[in-house]
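Take a look at the structure below.
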Amino acid sequence: MPAEGPLRDGNGPDFGLIETLRWEPAAGFVRLERHLARLSRSVAELGFGYEPARIDRALAGVGGGAPLRVRLLLSREGAADVTAQPFVPLPENAVWTLRIAATRLGSGDPLLRHKTTRRDVFQRARAEFSPDEADEVILLNENGLACEGTITSLFADLGDGGPLRTSPLSCGLLPGVLRGELLDTGEAREAELTPADLMRAKRLFVGNSLRGLIVARLSEDSAADF
């Protein structure tokens with residue numbers, strides 16, 4: 067399967083940067099500094115207009131009496147749009163079923179390291195399986211190494227007593243906010259992961275800043291995916 071870079075053209079009129087955050091009534095935004103730091107790095111690398119005060123004003127309007135899922139969209143010109151909707155947590159004992167997509171990422175595509183509105187490749191990967199077949203779909207790169215899910219970072223407990231393993235950015239993936247936190251605290255470290263590693267892992271997790279770590283399992287049908 068040839069590798070596909072989903073974000074090779076970052077100059078379209080609708081191209082923008084995204085941060086998806088959780089807001090809690092008692093604590094405010096979860097991991098806000100990490101989200102803004104990632105946004106700032108992307109702004110610098112991609113040449114977006116950026117006024118921190120404009121972002122602050124846009125986020126200041128978020129509030130209420132219940133948790134919220136908040137989407138911050140930054141245009142190339144620096145316009146900030148914030149939308150919020152109720153955050154619905156997963157059931158306490160949720161276990162997500164994973165499948166591996168035929169759609170591949172290109173490890174050499176630098177725009178994969180930015181969270182943007184260009185999500186075609188992830189949508190194609192997600193469309194390979196119905197919601198009944200998979201809660202999340204994992205993408206490999208052109209070398210057959212695991213990268214990430216369509217909306218999550220990937221973590222594996224290899225059963226050796228060490229920290230969780232998560233794929234290095236050199237494989238072609240987003241520096242997830244939760245991923246960065248777990249790396250900084252030593253709860254995870256980078257290591258290349260093959261589908262075989264995922265199959266024999268003691269435990270699997272996927273996760274993002276919105277939902278945290280989610281227990282996961284590869285579908286019994288996943289061996290046919292690669």
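Those letters in the sequence shown? Residues 67 to 292, per the numbering used here, in order.
Glycine included, every Cβ here is placed at the ideal spot set by N, Cα and C.
Within the continuous beta strand (DSSP E) that includes Gly278, where are the two ends? Per DSSP, the continuous beta strand (DSSP E) segment holding Gly278 begins and ends at 278 to 284.
In three-state DSSP terms, what is Arg185? In the three-state scheme derived from DSSP, where H, G and I count as helix and E and B as strand, Arg185 is classed as coil.
Taking all protein chains shown into account, decide if Leu284 is buried (16 or more other Cβ within 10 angstroms of its Cβ) or exposed. Label assigned to Leu284: buried.
DSSP three-state label for Ala69, please. Residue placement at Ala69 cannot be trusted, given a pLDDT of 37 that sits under 50; what the coordinates show is reported in the next sentence. Three-state DSSP puts Ala69 in coil, outside helix and strand.
Cα separation between Leu248 and Gly242? It is roughly 10 angstroms from the alpha-carbon of Leu248 to the alpha-carbon of Gly242.
Consult DSSP for Asp287 and reduce its assignment to one of helix, strand or coil. Asp287 carries a coil assignment under DSSP once its states are collapsed to helix, strand and coil.
Under the DSSP definition of a beta bridge, which residues are partnered with Arg135? Arg135 has Arg88, Gln151 as its beta-bridge partners, per DSSP.
Taking all protein chains shown into account, do 16 or more other C-beta atoms lie within 10 angstroms of the C-beta of Gly130, making it buried, or fewer, making it exposed? The residue in question, Gly130, is exposed, as its Cβ has fewer than 16 Cβ neighbours within 10 Å.
Does the separation of the CB atoms of Ser288 and Ile166 fall below 8 angstroms? Yes, the Cβ-Cβ distance between Ser288 and Ile166 is below 8 angstroms.
Starting from the C-beta of Ala222, find all residues in its chain whose C-beta is less than 7 angstroms away, skip the five residues before and the five after it, and write them out in chain order. So the qualifying residues of the chain are Leu230, Arg231, Leu259, Asp263, Leu264, Ala267, Leu270.
Helix, strand or coil for Ile217, going by three-state DSSP, please let me know. Secondary structure of Ile217 (DSSP, three-state): coil.
Report yes if the CB atom of Gly172 is closer than 8 angstroms to the CB atom of Gly238, and no otherwise. By the CB criterion at 8 angstroms, Gly172 and Gly238 fall inside the cutoff.
Starting from the Cα of Ala145, find the closest Cα among Leu83, Pro152, Ala168, Lys181 and give me that residue. For the residues Leu83, Pro152, Ala168, Lys181, the minimum Cα distance to Ala145 belongs to Leu83.
Check whether chain C comes within 8 angstroms of Tyr116, counting only Cβ atoms and requiring the distance to be less than that. You won't find chain C in this structure, because it holds only one protein chain.
In three-state terms, what does DSSP make of Asp175? Here Asp175 sits in coil by DSSP.
Which listed residue (Leu224, Thr149, Leu105) has its alpha carbon closest to that of Ala257: Minimum Cα distance to Ala257 is reached at Leu224.
To the nearest angstrom, report how far apart Glu111 and Glu143 are at their CA atoms. Whole-angstrom Cα-Cα distance: 14 angstroms.
Which word fits Arg104, buried or exposed, when buried means at least 16 other C-beta atoms lie within 10 angstroms of its C-beta? The residue is buried, with at least 16 neighbouring Cβ atoms inside 10 Å.
For Val161, collect the residues of the same chain with a Cβ closer than 7 angstroms to its Cβ; drop the 5 residues on either side in sequence, then sort them by chain order. The residues are Val281, Ala282, Arg283.
Can you tell me the Cα-Cα spacing of Ala126 and Asp250, whole angstroms? Distance from the CA atom of Ala126 to the CA atom of Asp250, rounded to whole angstroms, is 28 angstroms.
Cβ neighbours of Glu286 in the same chain (closer than 8 angstroms, five flanking residues each side left out): Here the set comprises nothing.
Taking the beta strand (DSSP E) that Thr251 belongs to, which residues open and close that run? That residue, Thr251, is in no beta strand (DSSP E); its alpha helix (DSSP H) goes 243 to 251.
Ignore the nearest five residues each way along the sequence and tell me which others in Asp80's own chain have a CB closer than 7 angstroms to its CB. Here the set comprises Thr183.
What did DSSP end up calling Ser108 once you bin it into helix, strand or coil? Helix, per DSSP.
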